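A short worksheet on the structure shown next.
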Amino acid sequence: MAVDLPLLEFDGDSPALIDPEPVPSRGEVPERAVVCFFRDVIDEVCGDGRADVVAETTWESGVHRLYRLPVEGGHVGVFHPGVGAPLAGGVLEEMIATGCRTFVACGGAGAVIPGLALGHVVVPDAAVRDEGTSFHYLPPGREVAADPAVTAVLSAVLTECDVPHVVGKTWTTDAPYRETQARIAARRAEGCVTVEMEAAAFFAVARHRAVTFGQYLYAGDDVGGSVWDSRRWQTSSARLDLFWLAVEAVQRL
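Sequential numbering of the sequence shown, starting at 1, is according to the working numbering.
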(Lines of atoms letter the chains of each structure in order from A and count residues from 1; the text may use other names and numbers.)
(Lines give C-alpha, C1' and ligand atoms only; values in the text may rest on other atoms or scores of the structure.)
Protein backbone atom coordinates (compact mmCIF):
# COMPACT_ATOMS: atom_id res chain seq x y z
CA MET A 1 0.00 0.00 0.00
CA ALA A 2 1.43 3.32 -1.08
CA VAL A 3 1.59 5.97 1.63
CA ASP A 4 1.28 9.63 0.70
CA LEU A 5 3.34 11.56 3.25
CA PRO A 6 4.80 15.07 2.89
CA LEU A 7 7.92 13.77 4.65
CA LEU A 8 8.69 11.64 1.58
CA GLU A 9 8.56 14.57 -0.87
CA PHE A 10 12.30 15.21 -0.93
CA ASP A 11 13.46 18.22 -2.94
CA GLY A 12 17.21 18.13 -3.26
CA ASP A 13 17.51 20.37 -6.31
CA SER A 14 15.82 23.61 -5.29
CA PRO A 15 17.62 26.20 -3.13
CA ALA A 16 16.11 26.85 0.28
CA LEU A 17 14.32 30.13 0.86
CA ILE A 18 16.40 30.69 3.99
CA ASP A 19 20.06 29.69 4.23
CA PRO A 20 21.94 29.55 7.54
CA GLU A 21 23.98 32.69 8.02
CA PRO A 22 27.28 32.96 9.88
CA VAL A 23 26.79 33.76 13.54
CA PRO A 24 28.50 37.10 14.32
CA SER A 25 31.85 36.24 15.86
CA ARG A 26 34.12 38.13 18.21
CA GLY A 27 37.18 35.96 17.87
CA GLU A 28 38.76 33.26 15.76
CA VAL A 29 36.28 30.46 15.08
CA PRO A 30 37.85 26.99 15.50
CA GLU A 31 37.59 24.71 12.51
CA ARG A 32 37.15 21.70 14.80
CA ALA A 33 34.39 21.54 17.40
CA VAL A 34 32.94 19.23 20.04
CA VAL A 35 29.15 19.11 20.02
CA CYS A 36 28.50 18.53 23.72
CA PHE A 37 25.07 17.62 25.10
CA PHE A 38 26.23 17.94 28.72
CA ARG A 39 25.65 21.45 30.06
CA ASP A 40 27.29 20.51 33.36
CA VAL A 41 30.46 19.52 31.53
CA ILE A 42 30.45 22.67 29.41
CA ASP A 43 30.13 24.77 32.56
CA GLU A 44 32.97 22.89 34.24
CA VAL A 45 35.34 22.94 31.29
CA CYS A 46 34.54 26.29 29.68
CA GLY A 47 33.16 28.38 32.57
CA ASP A 48 34.83 31.09 34.62
CA GLY A 49 36.93 32.32 31.72
CA ARG A 50 38.53 28.98 30.90
CA ALA A 51 37.31 29.37 27.31
CA ASP A 52 36.38 32.40 25.24
CA VAL A 53 32.90 32.83 23.79
CA VAL A 54 33.56 33.57 20.12
CA ALA A 55 29.98 33.39 18.83
CA GLU A 56 26.46 32.77 20.02
CA THR A 57 23.11 32.12 18.41
CA THR A 58 19.75 32.63 20.07
CA TRP A 59 16.72 30.43 19.54
CA GLU A 60 13.44 30.68 21.45
CA SER A 61 14.74 27.96 23.77
CA GLY A 62 17.79 30.00 24.73
CA VAL A 63 21.32 30.94 23.76
CA HIS A 64 23.82 28.53 22.22
CA ARG A 65 27.38 29.72 22.74
CA LEU A 66 30.39 28.65 20.72
CA TYR A 67 33.40 28.46 23.03
CA ARG A 68 37.03 28.47 21.91
CA LEU A 69 38.71 26.11 24.34
CA PRO A 70 42.52 25.95 24.65
CA VAL A 71 43.73 22.35 24.45
CA GLU A 72 47.07 20.71 23.90
CA GLY A 73 47.97 21.40 20.30
CA GLY A 74 45.67 24.37 19.76
CA HIS A 75 42.00 25.15 20.26
CA VAL A 76 38.68 23.39 19.71
CA GLY A 77 35.19 24.78 19.61
CA VAL A 78 32.57 23.62 22.11
CA PHE A 79 28.82 24.16 21.89
CA HIS A 80 25.54 22.67 23.09
CA PRO A 81 23.24 21.92 20.14
CA GLY A 82 19.98 21.67 22.02
CA VAL A 83 17.88 18.53 22.33
CA GLY A 84 15.95 16.97 19.47
CA ALA A 85 16.73 16.71 15.77
CA PRO A 86 15.15 19.96 14.49
CA LEU A 87 16.93 22.23 16.98
CA ALA A 88 20.21 20.33 17.03
CA GLY A 89 20.30 20.18 13.24
CA GLY A 90 19.60 23.90 13.00
CA VAL A 91 22.30 24.85 15.48
CA LEU A 92 24.76 22.59 13.64
CA GLU A 93 23.84 24.35 10.40
CA GLU A 94 24.66 27.73 11.94
CA MET A 95 27.98 26.55 13.34
CA ILE A 96 28.91 25.20 9.91
CA ALA A 97 28.00 28.54 8.35
CA THR A 98 30.10 30.31 10.99
CA GLY A 99 33.22 28.35 10.07
CA CYS A 100 33.37 25.03 11.93
CA ARG A 101 34.02 22.14 9.54
CA THR A 102 34.88 19.09 11.63
CA PHE A 103 32.72 17.84 14.49
CA VAL A 104 32.58 15.11 17.10
CA ALA A 105 29.43 14.98 19.22
CA CYS A 106 29.20 13.45 22.69
CA GLY A 107 25.89 12.61 24.30
CA GLY A 108 23.83 10.03 26.12
CA ALA A 109 21.45 7.42 24.74
CA GLY A 110 19.06 4.79 25.93
CA ALA A 111 20.33 1.21 25.94
CA VAL A 112 18.22 -0.92 23.61
CA ILE A 113 20.14 -4.18 23.98
CA PRO A 114 20.44 -6.05 27.28
CA GLY A 115 23.74 -5.99 29.10
CA LEU A 116 24.87 -2.56 27.91
CA ALA A 117 26.15 -1.17 31.19
CA LEU A 118 25.66 2.40 32.33
CA GLY A 119 28.45 4.50 30.84
CA HIS A 120 29.45 2.01 28.15
CA VAL A 121 30.57 3.92 25.05
CA VAL A 122 28.93 3.43 21.66
CA VAL A 123 30.18 4.71 18.31
CA PRO A 124 27.17 4.86 15.98
CA ASP A 125 28.01 3.79 12.44
CA ALA A 126 24.44 4.25 11.19
CA ALA A 127 21.13 5.64 12.39
CA VAL A 128 17.58 4.48 11.78
CA ARG A 129 15.72 7.56 10.56
CA ASP A 130 12.66 7.57 12.82
CA GLU A 131 12.67 11.37 12.98
CA GLY A 132 11.78 14.03 10.44
CA THR A 133 14.76 16.32 10.00
CA SER A 134 16.97 13.96 8.00
CA PHE A 135 14.29 13.61 5.31
CA HIS A 136 14.75 17.27 4.38
CA TYR A 137 18.47 16.73 3.73
CA LEU A 138 18.60 13.29 2.08
CA PRO A 139 16.25 11.23 -0.08
CA PRO A 140 13.89 8.96 1.86
CA GLY A 141 15.48 5.83 3.25
CA ARG A 142 15.38 3.71 6.35
CA GLU A 143 18.90 4.50 7.54
CA VAL A 144 21.70 6.99 7.15
CA ALA A 145 25.28 5.81 7.52
CA ALA A 146 28.03 7.64 9.33
CA ASP A 147 31.26 8.29 7.45
CA PRO A 148 33.14 4.98 7.88
CA ALA A 149 36.53 6.70 7.93
CA VAL A 150 35.38 8.92 10.79
CA THR A 151 33.90 5.97 12.67
CA ALA A 152 37.24 4.17 12.36
CA VAL A 153 39.12 7.12 13.87
CA LEU A 154 36.68 7.44 16.76
CA SER A 155 36.91 3.73 17.49
CA ALA A 156 40.73 3.81 17.28
CA VAL A 157 40.89 6.60 19.87
CA LEU A 158 38.84 4.50 22.29
CA THR A 159 40.98 1.43 21.68
CA GLU A 160 44.18 3.39 22.30
CA CYS A 161 42.72 4.75 25.54
CA ASP A 162 41.60 1.27 26.66
CA VAL A 163 37.94 2.27 26.64
CA PRO A 164 35.59 -0.68 26.03
CA HIS A 165 33.10 0.25 23.35
CA VAL A 166 30.63 -0.98 20.77
CA VAL A 167 30.39 0.16 17.15
CA GLY A 168 26.80 -0.20 16.01
CA LYS A 169 23.52 1.21 14.83
CA THR A 170 21.44 3.74 16.76
CA TRP A 171 17.72 4.48 16.56
CA THR A 172 16.90 8.18 16.22
CA THR A 173 13.36 9.02 17.31
CA ASP A 174 11.35 12.20 17.80
CA ALA A 175 9.09 10.75 20.49
CA PRO A 176 10.76 9.40 23.64
CA TYR A 177 7.36 8.90 25.25
CA ARG A 178 6.27 6.61 22.41
CA GLU A 179 9.07 4.08 22.64
CA THR A 180 6.74 1.11 22.98
CA GLN A 181 7.98 -2.38 23.81
CA ALA A 182 7.00 -3.57 20.34
CA ARG A 183 8.96 -0.81 18.62
CA ILE A 184 11.97 -1.30 20.90
CA ALA A 185 11.94 -5.02 20.08
CA ALA A 186 11.72 -4.25 16.36
CA ARG A 187 14.66 -1.85 16.50
CA ARG A 188 16.69 -4.36 18.50
CA ALA A 189 15.91 -7.01 15.87
CA GLU A 190 17.30 -4.81 13.11
CA GLY A 191 20.53 -4.26 15.00
CA CYS A 192 20.06 -1.05 16.99
CA VAL A 193 22.19 -0.75 20.11
CA THR A 194 20.89 2.58 21.41
CA VAL A 195 18.09 5.09 21.02
CA GLU A 196 18.48 8.88 20.97
CA MET A 197 17.04 11.93 19.20
CA GLU A 198 19.66 13.55 16.96
CA ALA A 199 22.17 11.23 15.26
CA ALA A 200 20.26 10.66 12.00
CA ALA A 201 19.80 14.40 11.57
CA PHE A 202 23.46 15.11 12.34
CA PHE A 203 24.66 12.55 9.78
CA ALA A 204 22.25 13.92 7.17
CA VAL A 205 23.17 17.59 7.70
CA ALA A 206 26.87 16.74 7.62
CA ARG A 207 26.53 14.85 4.35
CA HIS A 208 24.44 17.62 2.80
CA ARG A 209 26.94 20.31 3.81
CA ALA A 210 30.01 18.16 3.05
CA VAL A 211 31.53 18.48 6.52
CA THR A 212 33.15 15.87 8.75
CA PHE A 213 31.03 14.49 11.59
CA GLY A 214 31.24 11.64 14.08
CA GLN A 215 29.56 10.87 17.38
CA TYR A 216 30.19 9.24 20.73
CA LEU A 217 27.27 8.06 22.84
CA TYR A 218 27.28 6.56 26.28
CA ALA A 219 24.67 4.11 27.50
CA GLY A 220 22.37 5.92 29.89
CA ASP A 221 18.89 4.77 30.81
CA ASP A 222 17.86 1.20 30.03
CA VAL A 223 14.85 0.81 27.73
CA GLY A 224 15.54 -2.83 26.91
CA GLY A 225 13.71 -4.45 29.81
CA SER A 226 10.09 -4.95 30.76
CA VAL A 227 10.17 -1.62 32.66
CA TRP A 228 12.17 1.54 32.14
CA ASP A 229 15.25 1.97 34.33
CA SER A 230 16.61 5.52 34.47
CA ARG A 231 19.82 4.28 36.13
CA ARG A 232 20.28 7.93 37.20
CA TRP A 233 22.06 8.26 33.88
CA GLN A 234 22.54 12.03 34.02
CA THR A 235 24.82 11.71 37.06
CA SER A 236 27.27 9.35 35.36
CA SER A 237 30.95 10.24 35.58
CA ALA A 238 31.24 8.98 32.01
CA ARG A 239 30.11 12.39 30.76
CA LEU A 240 33.33 14.29 31.46
CA ASP A 241 35.47 11.40 30.26
CA LEU A 242 33.49 11.21 27.03
CA PHE A 243 33.96 14.93 26.43
CA TRP A 244 37.74 14.64 26.57
CA LEU A 245 37.65 11.61 24.31
CA ALA A 246 35.69 13.72 21.82
CA VAL A 247 38.33 16.45 22.09
CA GLU A 248 41.03 13.90 21.29
CA ALA A 249 39.06 12.43 18.40
CA VAL A 250 38.15 15.72 16.72
CA GLN A 251 41.80 16.75 16.65
CA ARG A 252 42.63 13.60 14.70
CA LEU A 253 40.09 14.18 11.96
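All residues carry an ideal CB built from backbone N, CA and C; glycine is no exception. Quantities reported herein were computed from a predicted structural model and do not represent experimental measurements.
By the 16-neighbour rule on beta-carbons within 10 angstroms, D13 is exposed.
Restricted to the segment 102–168, the beta strand (DSSP E) segments that are unbroken, complete and at least 3 residues in length are 102–111, 121–130 and 143–145, listed in chain order.
At the C-beta level, V34 and A246 come within 7 Å of one another.
Taking R231 as the centre and dropping the five residues before and after it, the same chain places the C-beta of L118, G220, D221 and D222 closer than 8 Å to its C-beta, in chain order.
Secondary structure within the segment 14–73: the beta strand (DSSP E) runs of 3 or more consecutive residues, fully enclosed, are 32–36, 52–59 and 62–71 (chain order). Annotated three-state conformation of T170 is strand, per DSSP. E56 has its alpha-carbon roughly 16 Å from the corresponding atom of G49.
Note that the segment 168–176 does not touch the segment 88–104; fewer than 3 beta-carbon pairs, one per stretch, sit closer than 8 Å. Shown here for P148: same chain residues with a beta carbon closer than 8 Å to its own, the five before and five after excluded, namely D125 in chain order. Secondary structure note for A175: it is in no beta strand (DSSP E), with a DSSP letter that is neither H nor E. With distances taken between CA atoms, A206 lies nearest to R101 out of V193, S237 and R101. For E196, no alpha helix (DSSP H) segment is defined; the enclosing uninterrupted segment is the beta strand (DSSP E) at C192 to E196. Between the alpha carbons of E60 and A16 lies a gap of roughly 22 Å. A residue is called buried when at least 16 other Cβ atoms come within 10 angstroms of its Cβ; E198 meets this threshold and is buried. Secondary-structure assignment with DSSP links F202 through no beta bridge to anything. If you look at D241, you'll find it isn't in any beta strand (DSSP E); it sits in the alpha helix (DSSP H) that goes A238 to R252.
For G214, the enclosing beta strand (DSSP E) begins and ends at T212 to D222. Shown here, V227 sits in coil according to DSSP, grouped into three states, outside any helix or strand.
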